[in-house]
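S.K.: Just so you know, the sequence shown maps onto residues 768 to 989 in the working numbering. Think of the CB as a built atom: it goes at the ideal place given N, C-alpha and C, for glycine as much as any other residue. Values in this document were obtained by computation on a predicted structure and should not be read as measured data. Structure below; questions to follow.
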Amino acid sequence: MRKEDIELLGDAHISTSIDTPLRADAFDKSDDEKIEVIQRHFKAIMHELGLDLNDDSLSGTPYRFAKMYVKELFYGLNPNNRPRISTFSNKYGYKKLLLEQDITIDSSCEHHFLPIVGKAHIGYIPKDKVIGLSKINRLVDYYAHRPQVQERLCLQILKDLQDALDTEDVIVIINAKHLCVSSRGIKDKQSSTTTMEYGGCFQNIEERNTVLKQIDLLRNQF
Ligand SMILES: [Zn+2]
768 MRKEDIELLG DAHISTSIDT PLRADAFDKS DDEKIEVIQR HFKAIMHELG LDLNDDSLSG
828 TPYRFAKMYV KELFYGLNPN NRPRISTFSN KYGYKKLLLE QDITIDSSCE HHFLPIVGKA
888 HIGYIPKDKV IGLSKINRLV DYYAHRPQVQ ERLCLQILKD LQDALDTEDV IVIINAKHLC
948 VSSRGIKDKQ SSTTTMEYGG CFQNIEERNT VLKQIDLLRN QF
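In structure tokens, the structure reads:
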């Protein structure tokens with residue numbers, strides 16, 4: 768790929784698939800083995816930048832960096848780390864909107880490996896199954912902790928929740944700031960990006976507006 772095209776693709780934030788592109792051998796190595804290798808590579812990057820790795824403040828950075836990548840920022844790449852989503856039968860027979868708002872988004876852009884920070888709002892209309900509220904937050908956290916594109920993050924959360932809850936009636940709204948837009952390139956500090964994915968009854972504009980109004984209402988209240 769030409770360098771100009773690489774830049775172009777990154778700035779356009781194009782993603783190619785709903786699934787995170789992973790190799791078949793992605794998890795053949797253990798976390799510790801990965802940390803070992805990444806540590807070595809990052810040390811080489813720092814060295815190439817001209818940094819003195821013998822400096823007390825810098826010498827531990829390659830290890831800290833590697834551990835942060837594998838165990839924290841990108842723990843959500845490994846399907847073994849997906850939170851167990853237990854559902855319960857809808858004993859109350861509650862069949863109206865349930866909206867979980869202002870869920871923290873801590874993600875990273877896959878084109879620049881810089882943070883994406885923001886909020887997710889997730890609504891669903893239960894059929895026979897309901898889910899523990901904190902499980903929605905955990906699921907968001909899991910999918911966010913991969914190199915991501917905001918549109919794909921939205922879709923991955925939507926699809927997983929639709930499968931878990933056994934209903935199409937789910938809506939996922941994400942509003943986030945991308946540090947690759949605010950700290951490099953155009954360096955726009957104010958703009959944010961909103962994405963919205965939904966299925967089932969939320970294809971109806973009135974159902975969607977109920978959710979959007981509710982998000983707006985609470986925002987003005989606090
Ligand atoms: Zn980016």
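Can you name, in chain order, every residue of its own chain whose Cβ lies under 8 Å from the Cβ of glycine 899, other than the five neighbours on each side?
M.R.: Excluding positions up to five away in sequence, the list reads Ser853 and Phe855.
S.K.: Tell me which residues share the same chain as histidine 878 and place their Cβ nearer than 6 Å to its Cβ, disregarding the 5 neighbours each side in the sequence.
M.R.: Hits under 6 Å: Gly777.
S.K.: How many whole angstroms separate the CB atoms of tyrosine 909 and asparagine 847, which I take to be in contact at a CB cut-off of 8 Å?
M.R.: That belief does not hold up - the Cβ atoms of tyrosine 909 and asparagine 847 are roughly 11 Å apart, past 8 Å.
S.K.: Give me the Cβ distance between alanine 911 and serine 958, rounded to the nearest whole Å; I'm assuming they're in contact under 8 Å.
M.R.: The pair is not a contact, with the Cβ atoms about 20 Å apart (cut-off 8 Å).
S.K.: Residues in its own chain within less than 8 Å of arginine 919 by CB, not counting five upstream and five downstream?
M.R.: Taken in chain order, the residues that qualify are Ser782, Ser784, Ile785 and Thr787.
S.K.: For tyrosine 861, which residues in the same chain have their Cβ closer than 8 Å to its Cβ, ignoring the five residues on either side in sequence?
M.R.: Here the set comprises Pro893 and Val897.
S.K.: With DSSP run on the structure shown, which of helix, strand or coil describes aspartate 823?
M.R.: Helix.
S.K.: Taking DSSP as the reference, what is the three-state secondary structure of tyrosine 965?
M.R.: Strand, per DSSP.
S.K.: Please name the residue in His808, Arg905 and Cys876 whose C-alpha comes closest to that of isoleucine 870.
M.R.: Comparing Cα positions, the closest option is Arg905.
S.K.: Secondary structure at alanine 791, three-state DSSP: helix, strand or coil?
M.R.: Correct three-state label for alanine 791: coil.
S.K.: Since isoleucine 872 sits in a beta bridge, which residues does DSSP pair it with?
M.R.: The partner list for isoleucine 872 (beta bridge, DSSP) reads Gly885.
S.K.: Three or more C-beta pairs closer than 8 Å, one from the stretch 922–929 and one from the stretch 960–973: is that the case here?
M.R.: The answer is yes - the stretch 960–973 touches the stretch 922–929, with three or more Cβ pairs under 8 Å.
S.K.: Beta carbon of histidine 888, beta carbon of glutamine 868: below 9 Å?
M.R.: Going by C-beta atoms, histidine 888 is nearer than 9 Å to glutamine 868.
S.K.: Write down every uninterrupted run of the alpha helix (DSSP H) in the stretch 904–989 whose length is 4 residues or greater and which is fully enclosed by it, in chain order.
M.R.: The stretch 904–989 contains these whole alpha helix (DSSP H) runs: 917–932, 946–949 and 972–988.
S.K.: Use the C-beta contact count for leucine 825: other C-beta atoms within 10 angstroms, 16 or more gives buried, fewer gives exposed.
M.R.: With fewer than 16 other Cβ atoms within 10 Å, it is exposed.
S.K.: Using DSSP's beta-bridge definition, name the partner residues of serine 901.
M.R.: Partner(s): none; serine 901 has no beta bridge.
S.K.: Nearest-angstrom Cα distance between isoleucine 938 and glycine 890?
M.R.: The alpha-carbon atoms of isoleucine 938 and glycine 890 are separated by roughly 5 Å.
S.K.: For glycine 890, list the residues DSSP reports as bridge partners.
M.R.: Glycine 890 pairs with Leu866 and Ile938.
S.K.: For threonine 828, write down the residues that DSSP places opposite it in a beta bridge.
M.R.: In DSSP, threonine 828 forms no bridge with anything.
S.K.: Among residues of its own chain, excluding the 5 on either side of leucine 789, which ones have a beta-carbon nearer than 8 Å to its beta-carbon?
M.R.: Taken in chain order, the residues that qualify are Leu844.
S.K.: Looking at isoleucine 805 and alanine 833, is the spacing between their C-beta atoms short of 9 Å?
M.R.: Yes. Within cutoff.
S.K.: Tell me whether valine 884 counts as near ligand 1, meaning its Cβ is closer than 8 Å to at least one heavy atom of that ligand.
M.R.: Because no heavy atom of ligand 1 lies under 8 Å away, the Cβ of valine 884 does not count as near it: no.
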